[in-house]
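Asker:
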Amino acid sequence: MARVTELLINGVKYPVDVDAGASLLSVLRDDLDLTGSKYGCGEGQCGACTVLLAGTPRRSCITPVGDAARKPITTIEGLEKDGQLHPVQQAFLDEGAMQCGYCTSGMIMTAVGLLAVHPEPTDLEIAHYLEGHICRCGTYPRIIAAVRRAAKSLHEVRT
Amino acid sequence: MKTSPEIPILIEPERYELHARPTYHFGLPRRDFFKIVGGGIVVFCLPVSTFAGQEAGRTGRRPVEALPQDVSAWLHVNENGEITVYTGKVEVGQNIRTSLTQAVAEELCVAPGSVQLLMGDTDRVPFDMGTFGSRTTPTMSPQLRRAASAAREALIGLAAEAWHVDRAKLTAANGAVTDPASGRTASYGELAKGREIAQAIPAEAPLTPAAQWKIMGQPLAKVTGREIVTGRHRYPSDIKLPGMLFGKVLRPPAFGATLASLDTQKAEQIPGVTVVHDGNFVGVAAPSPRVAESALAALSATWKSPPQQPSGDELFEYLKKNAHGGDDRGSQATGSVEKGLAEASLRLKQTYTVAYIAHAPLEPRAAVAEWKDGKLSVWTGTQRPFGVRGELAEAFRLPEDHVRVVMPDMGSGYGGKHSGEAAVEAARLAQAARRPIKLVWTREEEFTWAYFRPAGVIEVSAGITSDGAITAWEFHNYNSGAAAIGTLYNIPNQRIQFHPVDSPLRQGSYRSLAATANHFARESFMDELAHLAKMDPLEFRLKNLTDTRLRAALEAAAQRFGWGQIKPQPGHGFGMAGGSDKGGYVATCAEVAVDPASRQVRVLRVVTAFDCGAVVNPDDLRNQIEGANNMGIGGALFEAIQFENGRILNPHFAQYRVPRFSDAPAVEVVLIDRKDVASSGAGETPIVGIAPAIGNAIFSATGKRLRALPMAPKGV
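So this is what it looks like as structure tokens:
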């Protein structure tokens, strides 16, 4: 099977040596110790493993690492810049939008992807976009409020 | 109106997963203690006697005296004025790391940021039974507050001694002691420097009354929030050790199947793979999870199937048929039910059922195990680190002080992680491979090999007078459990019984235990009785209820909801339910819409009023109540484990539907902040109102009474 020898993650080139068929999530977590992306189901059903692949949210647990080679990968570890949280991260804190927090990184990554293409979503659109994510603690209304708050603060940054 | 009686907390026989274990005695010589933590002031918490009885839930039969009577937690103020709390309680998303921080900061008069909690590391914290039963807030929090108060008094004493002034003239604030007369001030660090003071909490350590709280009673953001949103927090499944290998376990095709033959040759030829075969346990260790999966696939095993086992479609019949008579632990009787029924003008009898459901914590069971110098250390997600230490000691025939269990704040549990399966498996593999092992259960394993919320059958019958007074009440719960089996309604003649059954599936605790099932049956039946009496459901409840706290909750929820003020539009319905458990009082009103074409139920709006005494952290309390309602919608409407002859048929999120964004209603929370009442836990009881409120709302919308949880997996 083809091998993947390099990944571009959060702007940094990581040398790896893995089968192209290995899951991106496993390579991130087990080979590179980037454990912010979580395993929740391994079947693309819960969203805990979500990363951005060339800016688009992808379930890393069902993405072969071969598909991610030569594309910029952004993980939760890459959002904070110089000690400054991304507005979506800050909004999750401000809204208290978590309990155990295990789903949080995946939620944040999808929200970042959503706001990049759709800067002013309605609550219904946010819910629809995040439907593939599970928060077993049931903090859904707070997550929607957090994405709404992040959209507002990103809007303020732009204007 | 009478006030709520002191209800003795029922021993909870549904904790089937907890086995009786020896009592552990913690003892750490004082000298060693300061060697480890450094100088300063240490205050030990001693469990109060009543606390022991309330957590005696393991077998339901252990006497209070058999429980540990030694140190339950301690608090250390070091020479830099930093405060560390050592407790065996664990953080699973219920947010006690934050609320206990508030409790200590309040009494010690410091900023919450200077308090650290070291939780759930069996080598470093005193024994704790486990984090369950909503016990942290009513038991651990007051103890830590007393310890903090004692530490504050000790620091004031040191300052008084140094300055030769009357201690009563000194004040403590912002981590320092001040003499207002002279203006002298000394930080806690300065006062603790060079000291080695250890003391137990004095018998009468005063606590700050809730009305004067400055840090408790206020919202405080989750203290680990930043670690979580940046992905830096290491959950149990994120732990990595040098030289670590990855493990996988071969699972039998059905519960109870035994290994008939095993060929390991192909798997063992894969470089770096170790195969472990020990009785029915077969597992592999490999340099990466991918290689471990290949090795597992390369094993060739045949299994001997066990005899035919019950299946889901015969479950409720099975539970009724196999019940062991009445269980005195959950039995209550007053007056004569026969006499009460004879006095009634209307009688009703109904049967309710609840399915097995899965906790499905988003982080499945995970463990990293390491053997070093004959000692075993395991990092794992569990609500009972000391319980898992006991399991490991037993499995490997080790003394308990040769086993260390560390519990990093985990990806939730909901009562589903009291046991240490992954820890034992990882340790067995690590023992054979002579390397640390990480083992993370797959979602399918978590759905199949963990334990479930018990299924149950509940039969209720009652009689009422023509003006709606309940004269007789009979309530039988088969298998699901005795939590909150009693009723707060005033009924002169009652017979209430819990009937245990040998469950076809492995079962155990679940958020609120059987309080969910018992409230579903009781509050659905109350709605049925109200309709029989041709009374409004709120009016009917209040007529039969004098408990002031539950009345206040029902009235508060009804008022916010607009009960009696607004009418549901066609296709919509309103329902309510109320109840009490574990010191909390809850009332929930729900509005549902039933789609005329698809018959799907949507929960549009939920109002929950909750009274758990003095509110410790209002924002987090709201979060717990919102979350409990959203989680409870799953068990109410569509979650159910399907099984057949020892196999789980729906062990994936694609087959086992859990609530998602589109299922989540607007949840309004009314907090009843009783500053005059001690705080109770709040992680569990808010969930008990949602299922009956939804069921009653579906009846209001459609005229159809649904008596089985889940009520509408495929619509009404």
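Each protein sequence line maps, in turn, to chains A and B. Yeah, the first sequence ends on 149 if you go by this note's numbering, and it's all consecutive. Yeah, the second sequence ends on 890 if you go by this note's numbering, and it's all consecutive. Each residue gets a CB set at the ideal place from its N, CA and C atoms; glycine is no exception.
1. With DSSP collapsed to three states, give me the class of Asn797 (chain B).
2. Enumerate in chain order the residues of its own chain whose CB-to-CB distance from Ile124 (chain A) is below 6 Å, with the five nearest sequence positions on each side excluded.
3. Quick one: using the 10 Å Cβ neighbour count with 16 as the cut-off for buried, is Asn653 (chain B) buried or exposed?
4. Could you tell me whether the stretch 69 to 89 of chain A touches the stretch 393 to 407 of chain B, where touching means 3 or more Cβ pairs closer than 8 Å?
5. Relative to the C-alpha of Val137 (chain A), which candidate in A:Gly96, A:Leu18, A:Val6, A:Glu67 has its C-alpha closest?
6. If I measure Cβ to Cβ from Gly201 (chain B) and keep anything under 6 Å in the same chain, skipping five residues before and after, which residues do I get?
7. What do you reckon, are the CB atoms on Val775 (chain B) and Ile868 (chain B) nearer than 9 Å?
8. Taking the beta strand (DSSP E) that Gly457 (chain B) falls in, what are its first and last residues?
9. In terms of residue numbering, what span does the alpha helix (DSSP H) encompassing Ala541 (chain B) cover?
10. Of all the options A:Gly122, A:Lys71, A:Ser16, A:Ile(-1), which has the alpha carbon lying nearest to the alpha carbon of Ser50 (chain A)?
11. What do you get for Pro111 (chain A), buried or exposed, if any count of 16 or more other CB atoms within 10 angstroms of its CB means buried?
12. Spatial neighbours of Gln243 (chain B) within its chain, please: CB distance less than 6 Å, with the 5 preceding and 5 following residues excluded, ordered by chain position.
13. Can you tell me which of A:Leu14, A:Val147, A:Val(-6) puts its alpha carbon nearest to the alpha carbon of Pro77 (chain A)?
14. What separation, rounded to the nearest whole angstrom, lies between the Cα atoms of Leu69 (chain A) and Ala101 (chain A)?
15. Helix, strand or coil for Val844 (chain B), going by three-state DSSP, please let me know.
16. Taking Gly806 (chain B) as the reference, give the member of B:Gly857, B:Gly585, B:Trp737 with the closest Cα.
17. Return the residue from the list B:Pro463, B:Gly504, B:Ala497, B:Ser435 that minimises the CA-CA distance to Thr476 (chain B).
18. Is it buried or exposed for Gly53 (chain A), if we count other Cβ within 10 angstroms and need 16 for buried?
19. What residue range does the beta strand (DSSP E) around Leu448 (chain B) cover?
20. Which stretch, first to last residue, makes up the alpha helix (DSSP H) that contains Tyr130 (chain A)?
21. Determine contact between the stretch 20 to 40 of chain A and the stretch 118 to 134 of chain A, defined as no fewer than three beta-carbon pairs at a distance below 8 Å.
22. Return yes when the Cβ of Gly486 (chain B) is within less than 9 Å of the Cβ of Ala529 (chain B), no when it is not.
23. Cβ closer than 7 Å: which chain A residues qualify as neighbours of Pro535 (chain B)?
24. Go through the stretch 752 to 836 of chain B residue by residue and report every complete run of the alpha helix (DSSP H) that reaches 4 residues or more, in order.
25. Taking the beta strand (DSSP E) that Thr112 (chain A) belongs to, which residues open and close that run?
26. Which residue comes first and which comes last in the alpha helix (DSSP H) that contains Val916 (chain B)?
27. Just to check my reading of the structure: Asn804 (chain B) and Ala767 (chain B) have Cβ atoms closer than 8 Å, yes? What is that Cβ distance to the nearest angstrom?
28. Between the Cα of Arg563 (chain B) and those of B:Glu842, B:Phe817, B:Lys422, B:Asp302, spot the shortest distance and give me the residue it belongs to.
29. Quick one: does Gly234 (chain B) have its CB under 9 Å from some CB of chain A?
30. Is His650 (chain B) buried or exposed, if buried means 16 or more other CB atoms sit within 10 Å of its CB?
31. Under 9 Å Cβ-Cβ, which residues of chain A neighbour Glu800 (chain B)?
32. Can you grab the Cα-Cα spacing for the pair Leu719 (chain B) / Ser686 (chain B), in whole Å?
33. I need the straight-line Cα distance from Phe429 (chain B) to Gln829 (chain B), nearest angstrom please.
34. What does DSSP give as the partner residues of Ala384 (chain B) in its beta bridges?
35. Which residues in chain B have a C-beta closer than 8 Å to the C-beta of Ile98 (chain A)? List them in chain order.
36. Going by Cα to Cα distance, which pick from B:Glu256, B:Glu253, B:Ala384, B:Glu565 is closest to Glu791 (chain B)?
Answerer: Looking at the coordinates:
1. Asn797 (chain B): helix per DSSP, three-state reduction.
2. Here the set comprises Cys36.
3. buried
4. yes
5. Comparing Cα-Cα distances from Val137 (chain A) to each of A:Gly96, A:Leu18, A:Val6, A:Glu67, the minimum goes to A:Gly96.
6. Unreliable placement is indicated for Gly201 (chain B), whose pLDDT of 48 sits below 50; no coordinate value is reported for it.
7. For Val775 (chain B) and Ile868 (chain B), yes; Cβs fall inside 9 Å.
8. 455 to 460
9. Looking at the DSSP string, Ala541 (chain B) is not in any alpha helix (DSSP H); the run it does join, the beta strand (DSSP E), is 540 to 546.
10. For Ser50 (chain A), the nearest C-alpha among the options comes from A:Ser16.
11. buried
12. Confidence is the limiting factor: at Gln243 (chain B) the pLDDT is only 42, short of 50, which leaves the residue's position unreliable and the question unanswerable from this model.
13. A:Val147
14. 12 Å
15. Three-state result, Val844 (chain B): strand.
16. B:Gly857
17. B:Ser435
18. Rather than Gly, the amino acid found at residue 53 (chain A) in this sequence is Thr. In the assembly as shown, Thr53 (chain A) is a buried residue. Its beta-carbon has 16 or more other beta-carbons within 10 Å.
19. The sequence given here places Thr at residue 448 (chain B); Leu does not occur at that position. Counting along the chain, the beta strand (DSSP E) containing Thr448 (chain B) begins and ends at 448 to 452.
20. 130 to 148
21. yes
22. yes
23. Arg126
24. 792 to 807
25. That residue, Thr112 (chain A), is in no beta strand (DSSP E); it is neither H nor E in DSSP.
26. Coverage of chain B is limited to positions 175 through 890, which leaves residue 916 (chain B) absent and any answer about it impossible.
27. At roughly 17 Å, the Cβ-Cβ gap does not stay under 8 Å, so Asn804 (chain B) and Ala767 (chain B) are not in contact.
28. B:Asp302
29. Residue placement at Gly234 (chain B) cannot be trusted, given a pLDDT of 33 that sits under 50; what the coordinates show is reported in the next sentence. Not one chain A Cβ lies under 9 Å of Gly234 (chain B).
30. buried
31. Gly128, Thr129, Tyr130, Pro131, Arg132
32. 23 Å
33. Using only the alpha carbons, I get a separation of about 20 Å.
34. Paired residues: none, contrary to the question.
35. Val403
36. Checking the sequence shown, residue 791 (chain B) turns out to be Asn, not Glu. Nearest option by C-alpha distance: B:Ala384.
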